[in-house]
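A.B. asks: Taking my numbering, the leading residue of the sequence shown gets 144, the next gets one more, and so forth.
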Amino acid sequence: MSKPINTSKNNKSPIRYNEPNGEYDADYKPTKKDIKNFPDIQNGRSSLIQGTPVAIQQVGIHNFRLPLKYQKREGGSIELETKVTGTVSLEAHKKGINMSRIMTSFYEFKNEYVFDKLDVILSKYRDDLNSFDSKILLKFSYPMMKQSLRSGLEGYQYYESALEGHLNGNGKFKKILHFDFVYSSACPCSYELSEFARNDRNKATVTHSQRSVARISIEFDEIVWIEDLQEMCEKALHTETQVIVKREDEMAFAELNGSYLKFVEDAARLLYEQLIKDKRIKDFRIICSHQESLHSHDAVSVILPPNSSFGEDISHELWSSLIHTS
Numbered sequence: 144m145s146k147p148i149n150t151s152k153n154n155k156s157p158i159r160y161n162e163p164n165g166e167y168d169a170d171y172k173p174t175k176k177d178i179k180n181f182p183d184i185q186n187g188r189s190s191l192i193q194g195t196p197v198a199i200q201q202v203g204i205h206n207f208r209l210p211l212k213y214q215k216r217e218g219g220s221i222e223l224e225t226k227v228t229g230t231v232s233l234e235a236h237k238k239g240i241n242m243s244r245i246m247t248s249f250y251e252f253k254n255e256y257v258f259d260k261l262d263v264i265l266s267k268y269r270d271d272l273n274s275f276d277s278k279i280l281l282k283f284s285y286p287m288m289k290q291s292l293r294s295g296l297e298g299y300q301y302y303e304s305a306l307e308g309h310l311n312g313n314g315k316f317k318k319i320l321h322f323d324f325v326y327s328s329a330c331p332c333s334y335e336l337s338e339f340a341r342n343d344r345n346k347a348t349v350t351h352s353q354r355s356v357a358r359i360s361i362e363f364d365e366i367v368w369i370e371d372l373q374e375m376c377e378k379a380l381h382t383e384t385q386v387i388v389k390r391e392d393e394m395a396f397a398e399l400n401g402s403y404l405k406f407v408e409d410a411a412r413l414l415y416e417q418l419i420k421d422k423r424i425k426d427f428r429i430i431c432s433h434q435e436s437l438h439s440h441d442a443v444s445v446i447l448p449p450n451s452s453f454g455e456d457i458s459h460e461l462w463s464s465l466i467h468t469s
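(1) Exposed or buried, what is L209 when buried is set at 16 or more other beta-carbons lying within 10 Å of its beta-carbon?
(2) Can you give the Cα-Cα distance for K389 and S294, rounded to whole angstroms?
(3) Using C-beta distances below 7 Å, list every residue in its chain close to Q434, excluding the 5 sequence neighbours before and after it, in chain order.
(4) Three or more C-beta pairs under 8 Å: does that hold for the segment 361-371 against the segment 419-439?
(5) Tell me the residue span of the beta strand (DSSP E) that contains E166.
(6) Report yes or no: is there a C-beta of chain D within less than 8 Å of the C-beta of S402?
(7) Does the count of Cβ pairs from the segment 326-333 and the segment 389-408 closer than 8 Å reach three?
(8) Tell me, please, whether the segment 170-190 touches the segment 201-221 by the rule of three or more beta-carbon pairs shorter than 8 Å.
(9) Taking Cβ positions, are G229 and I204 nearer each other than 8 Å?
(10) Compute the Euclidean distance between the alpha carbons of F396 and I446, then round it to the nearest angstrom.
(11) How many angstroms separate the CA atom of H236 from the CA atom of N450?
(12) Following the continuous beta strand (DSSP E) through T228, name the residue where it begins and the one where it ends.
(13) Can you give me the C-alpha to C-alpha distance between D371 and I457, rounded to a whole angstrom?
(14) Can you name, in chain order, every residue of its own chain whose Cβ lies under 8 Å from the Cβ of F249, other than the five neighbours on each side?
(15) Could you tell me if T247 is buried or exposed, where buried requires 16 or more neighbouring beta carbons within 10 angstroms of its beta carbon?
(16) Whole-angstrom Cβ separation of S284 and I369, contact assumed at under 8 Å?
(17) The beta strand (DSSP E) spanning R354 covers which residue range?
(18) Helix, strand or coil for V367? Go by DSSP, reduced to three states.
(19) Do you know offhand how far M288's Cα is from S333's?
(20) Leaving out the 5 sequence neighbours to the left and right, which residues in its chain are closer than 6 Å to K267 when beta-carbon positions are compared?
(21) For C332, name the three-state secondary structure that DSSP assigns.
(22) Quick one: what does DSSP say G401 is sitting in, helix, strand or coil?
(23) Between which two residues does the beta strand (DSSP E) carrying E416 extend?
(24) What does Y268 pair with, by DSSP beta-bridge criteria?
(25) Looking at C-alpha atoms only, which residue of N254, V202, L336 and Y256 is the closest neighbour of N241?
(26) Helix or strand or just coil, what does DSSP make of E383?
(27) Expressed to the nearest angstrom, what Euclidean distance is found between the alpha-carbon atoms of D323 and L281?
(28) Under 8 Å by Cβ, that's how I've got Q200 and K238 pegged, so tell me the actual separation to the nearest angstrom.
(29) Work out the CA separation of Q417 and E391 for me, nearest whole Å.
(30) By DSSP's criteria, G239 is part of a beta bridge. Which residues make up the other side?
(31) So is S232 buried or exposed if we call it buried at 16+ other beta carbons inside 10 Å?
(32) Are there 16 or more other CB atoms within 10 angstroms of the CB of M144, so buried, or fewer, so exposed?
(33) One question on the structure: do G308 and K318 come within less than 8 Å of each other, judged by their Cβ atoms?
(34) Can the beta-carbon of L320 be found less than 8 Å from the beta-carbon of L310?
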């Protein structure tokens with residue numbers, strides 16, 4: 144039973160209120176009218192703003208996960224766990240946003256092909272939150288069955304990918320696909336020195352090579368399949384890391400590395416040569432990172448086409464994200 148509590152200092156005029164019931168009420172089902180009367184601090188008056196009342200460029204949710212459907216180039220679809228970042232702009236006079244509306248927008252379209260509905264999703268949660276700009280980033284690992292070089296064995300290669308969308312206040316929609324391609328880079332200088340030592344002094348040597356990553360970012364309207372990007376990268380670089388390897392495959396991989404030696408500058412230009420020819424690609428950026436086995440640092444490069452809207456200045460966090468681990 145609730146008891147009156149005396150909170151006055153002189154104990155002469157007690158302030159009375161009921162102690163709250165500590166039991167969870169599983170049977171309580173609020174009506175729409177009840178919910179309408181609930182406190183809504185996020186949409187409160189501007190006087191509730193803490194700090195300087197200025198506009199916020201992006202506010203929303205990060206690392207919200209759910210399975211989404213993706214179309215495959217050869218037909219059919221695949222459902223992949225996707226990490227979602229969804230944000231909107233916030234005007235200076237507004238306290239905050241109802242972030243759950245971003246999540247519910249995705250669940251509304253969870254059975255649709257995400258490539259086809261990205262602009263619709265952005266428009267919906269932008270309008271639901273009464274904002275000007277909305278942005279989205281979907282991160283996922285896309286599997287492809289790859290065959291070994293000589294043994295004929297097959298295994299799944301997983302490609303780290305991200306689909307990015309931006310809808311601004313004027314209704315302009317931009318769609319970007321990020322794709323990571325992991326390959327081996329054998330150093331041309333090391334190869335020449337190794338050959339010289341073997342021929343000049345009969346010394347056993349090994350050319351240094353390392354796991355390397357190319358991150359391809361493309362802006363597009365007409366769909367460019369993830370399979371297309373993988374094929375462009377493989378055609379340019381030839382030395383993709385392998386899934387299942389027997390001795391004959393390892394020998395083949397050593398031969399491939401010897402046939403396609405490359406500095407990080409070479410890798411960027413070879414990829415550029417492939418992407419610049421594809422008319423579906425409106426703009427692109429290529430970032431290469433050779434995670435050196437000789438040096439204690441990495442070798443990196445960035446290349447853009449003329450008049451690109453992608454930035455050439457890359458943050459430490461982006462370089463660090465290129466390190467791929469099992």
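Here a beta-carbon is modelled for each residue, glycine too, at the ideal position from N, C-alpha and C. All of these numbers come straight from a predicted model, not from anything done at the bench.
C.D. replies: Working from what's here:
(1) By 1-based counting over the sequence shown, the position of residue 209 is 66. The residue in question, L209, is exposed, as its Cβ has fewer than 16 Cβ neighbours within 10 Å.
(2) Start at 1 with the first residue of the sequence shown, and residue 389 comes out as number 246. Start at 1 with the first residue of the sequence shown, and residue 294 comes out as number 151. Each residue's alpha carbon lies about 7 Å from the other.
(3) Here residue 434 refers to the residue found at position 291 when the sequence shown is read from its first residue. Only Q353, R354, S355, D441 and I466 meet the Cβ criterion.
(4) Taking 8 Å as the limit for Cβ pairs, the verdict is that the segment 419-439 does touch the segment 361-371.
(5) For the purposes of this step, residue 166 is identified with residue 23 of the sequence shown, where counting begins at 1. E166: not part of any beta strand (DSSP E); DSSP gives it neither H nor E.
(6) Any reference to chain D falls outside this structure, which holds one protein chain only.
(7) Flag = yes, the segment 326-333 and the segment 389-408 touch.
(8) Verdict: no, contact absent.
(9) The residue labelled residue 229 in the question sits at position 86 within the sequence shown. The residue labelled residue 204 in the question sits at position 61 within the sequence shown. Taking a C-beta distance under 8 Å as the contact criterion, G229 and I204 qualify as a contact pair.
(10) Taking the first residue of the sequence shown as 1, we reach residue 396 at position 253. Taking the first residue of the sequence shown as 1, we reach residue 446 at position 303. Computed Cα separation, rounded: 27 Å.
(11) The sequence position of residue 236 within the sequence shown is 93, counting from 1. The sequence position of residue 450 within the sequence shown is 307, counting from 1. The straight-line gap from Cα to Cα measures roughly 36 Å.
(12) Translated into the one-based positions of the sequence shown, residue 228 becomes position 85. First-last of the beta strand (DSSP E) with T228: S220 to L233.
(13) Working through the sequence shown from its first residue, we reach residue 371 at position 228. Working through the sequence shown from its first residue, we reach residue 457 at position 314. Distance between the alpha carbons of D371 and I457 is about 25 Å.
(14) By one-based count along the sequence shown, residue 249 stands at place 106. The residues are F207, L209, L211, V227, G229 and I264.
(15) For this step, residue 247 is matched to residue 104 along the sequence shown. The residue in question, T247, is exposed, as its Cβ has fewer than 16 Cβ neighbours within 10 Å.
(16) In the sequence shown, the residue the question calls residue 284 occupies position 141. In the sequence shown, the residue the question calls residue 369 occupies position 226. With 8 Å as the limit, S284 and I369 do not qualify as a contact, their Cβ atoms being about 11 Å apart.
(17) Position 211 of the sequence shown, counted from the first residue, corresponds to residue 354. That run of the beta strand (DSSP E) goes S352 to F363.
(18) What you label residue 367 is simply residue 224 of the sequence shown in a count that begins at 1. In this structure, V367 counts as coil in the three-state DSSP scheme.
(19) Position 145 of the sequence shown, counted from the start, is the residue given in the question as residue 288. Position 190 of the sequence shown, counted from the start, is the residue given in the question as residue 333. Roughly 33 Å between the two C-alpha positions.
(20) Taking the sequence shown and counting its residues from 1, the one referred to as residue 267 is at position 124. Around K267: S248.
(21) Walking along the sequence shown from the start, residue 332 turns up at place 189. Secondary structure at C332: helix, using DSSP grouped into helix, strand and coil.
(22) Here the question's residue 401 lines up with position 258 in the sequence shown. The answer is helix: DSSP assigns G401 an H, G or I state.
(23) Working through the sequence shown from its first residue, we reach residue 416 at position 273. Run containing E416: none in the beta strand (DSSP E); it sits in the alpha helix (DSSP H), V407 to L418.
(24) In the sequence shown, the residue the question calls residue 268 occupies position 125. Answer is none; Y268 lacks a bridge partner.
(25) As a first step, residue 241 is located in the sequence shown; it is residue number 98 there, counting from the start. Minimum Cα distance to N241 is reached at V202.
(26) What you label residue 383 is simply residue 240 of the sequence shown in a count that begins at 1. Strand.
(27) Locating residue 323 in the sequence shown gives position 180, where the first residue counts as 1. Locating residue 281 in the sequence shown gives position 138, where the first residue counts as 1. So the two alpha carbons sit approximately 14 Å from each other.
(28) Numbered from 1 along the sequence shown, position 57 holds the residue referred to as residue 200. Numbered from 1 along the sequence shown, position 95 holds the residue referred to as residue 238. So it is not a contact: roughly 16 Å between Cβ atoms.
(29) Residue 391 sits at position 248 when you count from the first residue of the sequence shown. Residue 417 sits at position 274 when you count from the first residue of the sequence shown. If you take the alpha carbons of E391 and Q417, they lie about 30 Å apart.
(30) Position 96 of the sequence shown, counted from the first residue, corresponds to residue 239. Per DSSP, none; premise fails for G239.
(31) Residue numbering aside, residue 232 sits at position 89 when the sequence shown is read from its first letter. Buried, since its Cβ has 16 or more Cβ neighbours within 10 Å.
(32) If you number the sequence shown from 1, residue 144 lands on position 1. A caution first: M144 carries a pLDDT of 49, below 50, which makes its placement in the model unreliable, though a value can still be read off. With fewer than 16 other Cβ atoms inside 10 Å of its own Cβ, M144 counts as exposed.
(33) As a first step, residue 308 must be located in the sequence shown, where it is residue number 165. As a first step, residue 318 must be located in the sequence shown, where it is residue number 175. In terms of Cβ geometry, G308 and K318 form a close pair [threshold 8 Å].
(34) In the sequence shown, residue 320 corresponds to position 177, counting from 1. In the sequence shown, residue 310 corresponds to position 167, counting from 1. Cβ atoms of L320 and L310: not closer than 8 Å.
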